[in-house]
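Residue numbers (the working numbering): 28 to 412. We treat Cβ as the ideally placed atom computed from N, Cα and C, and that holds for glycine. Only a predicted model underlies this, so the values are computations on that prediction, with no experimental measurement involved.
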């Protein structure tokens, strides 16, 4: 069926690798235009690590917050941050080049189209700061790939990965990744809440729910929803004060344990796995899905929300960035929606379908059902009158 693509690819690569063809192409306006576009994309790949480090430096110096109120002179930014003025000029010039800042008519610096959305954006800023560990692991990429998954700085920040008894981890061990997940959870929570009518559900179990940020958002969306959170005991202990501060101490029931070994609370009509499944290899992912299936009441619904491989326009996110990150973490992989659907079916789920989200790059959502409702009910895991 796709042999014509293979033939086209061979023809294309033969031409593009031929210096004579490239020379002839550059002689035409269309060839020059294509070559410039291709060269720019290739250079972005070559320079991508530099771009990320420019962003990291700007975050560490809090430049986006410093420019929140309007344009500021480079000299003032240098004085406020203690950076040499010449070095600040060099950093700001790099930021302008990649869209973080823009120069004003009087020579000061203002936020650019990519910098403005970072103001007060705790989720993205936390991810940028966290990526220092990932960049360190990638400093020698072949060394990272030649050793077994994990073993570097990223793995040290996810201690449950490969741990024989993750339920025995203490609060200090889980603090770094719990805080990161809490900060970044809003990126996905709104997409998931908009994809399914949670306000019509009755009992929601968030498996691997961390400090409860998704449940906090779900509580606002569905005031009558009974909420349950399951995670490692040390993580649940950290969630309790955060939920209490949000006024949910009496509404969210906390369950501590290892979801690959310990039983989940039963009788739920709705369960969620928010950026959890891709953290695990296939055997563990399938075991988890089977446990969730067992925890659901007949007719219950499971929603899986995470970045997925093969997402149109977002291949770099799932298939390049996240896949390498999970390798550095020590386990897991991004999967296509079709592959997750296969695992769901193997775990006993049926009627798997995708629920559209506004930003598929950040997360796609799959909804799957546990059999048990009569045929005259069109919604599974949803209250009916």
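query, result
"Extent of the continuous alpha helix (DSSP H) to which residue 311 belongs", "309 to 322"
"Minimum C-alpha distance to residue 347 - residue among 273, 165, 184, 125", "165"
"Candidates 265, 65, 247, 351: closest to residue 274 by CA position", "247"
"Residue 81, DSSP secondary structure in three states", "helix"
"Residue burial classification, residue 296 (beta-carbon count within 10 angstroms, cutoff 16)", "buried"
"Proximity below 8 angstroms, CB of residue 315 to CB of residue 367", "no"
"8 angstroms Cβ cutoff, residue 167 in contact with chain B", "The question asks about chain B, but that chain is absent: this structure has only one protein chain."
"Sub-8 angstroms separation of residue 379 and residue 372 beta-carbons", "yes"
"Anticipated Cβ contact below 8 angstroms, residue 255 with residue 219, distance rounded", "With 8 angstroms as the limit, residue 255 and residue 219 do not qualify as a contact, their Cβ atoms being about 16 angstroms apart."
"The stretch 77 to 88 contacting the stretch 148 to 163, beta-carbon criterion three pairs below 8 angstroms", "yes"
"Residue interval of the beta strand (DSSP E) (run including residue 256)", "253 to 258"
"Length-filtered (3 minimum) beta strand (DSSP E) runs lying within the stretch 372 to 400", "377 to 382, 391 to 396"
"Inter-residue spacing [alpha-carbon to alpha-carbon] between residue 45 and residue 73", "22 angstroms"
"Pairwise C-alpha distance: residue 306 and residue 182", "12 angstroms"
"C-beta atoms of residue 139 and residue 123 nearer than 8 angstroms", "yes"
"Whether residue 281 touches residue 266 by CB criterion (8 angstroms)", "yes"
"Bounding residues of the alpha helix (DSSP H) (the contiguous stretch that carries residue 120)", "112 to 124"
"Beta-ladder partner(s) of residue 329, from DSSP", "298, 395"
"Which of helix, strand or coil DSSP assigns to residue 305", "helix"
"At least 3 beta-carbon pairs within less than 8 angstroms: the stretch 126 to 133 vs the stretch 173 to 182", "no"
"Within 8 angstroms, strictly: CB atoms of residue 235 and residue 221", "no"
"Residue 132 to residue 300 span [Cα, whole Å]", "49 angstroms"
"Per DSSP, cross-strand counterpart(s) of residue 102", "Per DSSP, none; premise fails for residue 102."
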